[in-house]
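Working notes for the structure below.
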Amino acid sequence: MSRKKHEASHNPPVIAEEPAISVSPCKPPPPSGESKEPDDAYNYNCALLADSYLFFNFLDAIKEGDGARLMRQYKYFMLFCKADGCHSTKYALECLYQFFLIHGELSQRDSERFIWNRSINNHGKKGYNIPLDEATEHSNNFVKQGIKNLGPNISEAAVARICKCESATRSILDNLDESISRHKHSGKHSKQSSSMDLQELVTKASNFNIFKEQPGRKYHHFKNFQVDRLSDLDSTDLYSWISKHKKNVALGVKA
């Protein structure tokens, strides 16, 4: 009774009435931001620009010998290849198994070697690194030239001798060319100037305002092009895919 008297002696709080919620079987209309038509030209060129930056960053990491940056690029490549579905499954797996090697299968010493021993610099200058497979091709070409010069005197022992002394022979020839100031032709293929083509592309891009979104522009071969390459990537499926191959590695099975 004392509680009721105490509550009655004070003003009770005012309880606001909640508005009634109407239930309708009809689907509500989408927000105004989602109802606009996509712009294929804008989406395509933005995606192309983003992919170009990613690829050029990858090439620059090779030239600088930046192994850590290369590994970060491979993470993006793995996600892009996984989002591409069956067209790039093998590439996605190769990227994934690289990270298995670095973070699980290799020792700390071998992991550091794997990350940082991915390019070689034969000139001693900044930004002149090349991939190891390209350096191997240069080595094979040098050995093939030596074998060709043997003529009819070719033998297994002679070929083995050329292979073993390749590094010393290259060093001697390079020092000789430098001492007599002999110009050494680069192995790079000559390229025609692309300035006129580039100028034409820039002019067309400016005329069509490709980097200004205009809803309704359509491409015949790239209909409903998505600007985000990872928009179709299912994170749940990605997690299951990684877990599946982690188990395969533990069992000694490789896809």
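Counting from 1263, one number per residue, gives the positions in the sequence shown under my numbering. Where is the CB? At the ideal position from N, CA and C, for every residue including glycine.
Taking only the alpha-carbon atoms, compute the straight-line gap between residue i and residue j and give it to the nearest angstrom.
i            : j            : result
residue 1473 : residue 1312 : 12 Å
residue 1500 : residue 1344 : 8 Å
residue 1353 : residue 1340 : 7 Å
residue 1390 : residue 1458 : 28 Å
residue 1502 : residue 1496 : 10 Å
residue 1421 : residue 1515 : 39 Å
residue 1512 : residue 1338 : 25 Å
residue 1365 : residue 1335 : 16 Å
residue 1433 : residue 1371 : 30 Å
residue 1318 : residue 1331 : 12 Å
residue 1456 : residue 1322 : 21 Å
residue 1402 : residue 1417 : 17 Å
residue 1436 : residue 1394 : 20 Å
residue 1404 : residue 1316 : 33 Å
residue 1509 : residue 1357 : 17 Å
residue 1314 : residue 1320 : 10 Å
residue 1407 : residue 1426 : 15 Å
residue 1505 : residue 1369 : 21 Å
residue 1396 : residue 1478 : 46 Å
residue 1443 : residue 1471 : 52 Å
residue 1441 : residue 1374 : 38 Å
residue 1462 : residue 1367 : 51 Å
residue 1469 : residue 1387 : 42 Å
residue 1429 : residue 1333 : 30 Å
residue 1460 : residue 1498 : 42 Å
residue 1454 : residue 1398 : 27 Å
residue 1351 : residue 1419 : 44 Å
residue 1431 : residue 1400 : 14 Å
Within its chain, find whatever has a CB closer than 6 Å to the CB of residue i; leave out the 5 residues flanking it on each side and keep chain order.
i            : result
residue 1544 : Given that the chain is displayed from residue 1263 to residue 1517, the structure contains no residue 1544 and the question cannot be resolved.
residue 1484 : 1302 and 1306
residue 1384 : none
residue 1489 : 1305, 1308 and 1309
residue 1465 : none
residue 1494 : 1345
I'd like the list of long-range same chain contacts for residue i, defined as Cβ closer than 8 Å, with 5 residues on each side in sequence excluded.
i            : result
residue 1487 : 1300, 1302, 1305, 1306, 1309 and 1481
residue 1467 : 1307 and 1473
residue 1492 : 1341, 1342 and 1345
residue 1476 : 1301, 1303 and 1304
residue 1289 : Confidence at residue 1289 is low in this model, with a pLDDT of 47, below 50, so the placement of that residue should be treated as unreliable; the coordinate-derived value is given next. Taken in chain order, the list of residues that qualify is empty.
residue 1507 : 1355, 1358, 1359, 1362 and 1517
residue 1298 : 1477
Beta-carbon within less than 7 Å of residue i's beta-carbon, same chain only, minus the 5 sequence neighbours each way: which residues are those?
i            : result
residue 1392 : 1381 and 1382
residue 1360 : 1336
residue 1424 : 1405, 1408 and 1409
Whole-angstrom Cβ separation of residue i and residue j, contact assumed at under 8 Å?
i            : j            : result
residue 1363 : residue 1376 : 6 Å
* To do: Taking 8 Å as the threshold, find out whether the region 1375-1383 comes into contact with the region 1326-1333 through three or more Cβ pairs.
  => yes
* Asked: Okay, do the region 1346-1363 and the region 1407-1425 touch, 3+ Cβ pairs below 8 Å being the bar?
  -> no
* Contained alpha helix (DSSP H) runs [length at least 4] in the region 1454-1500, N- to C-terminal order -> 1457-1470
* Residue ranges of each alpha helix (DSSP H) run of no fewer than 4 residues wholly in the region 1345-1409, ordered along the chain? -> 1351-1362 and 1370-1378
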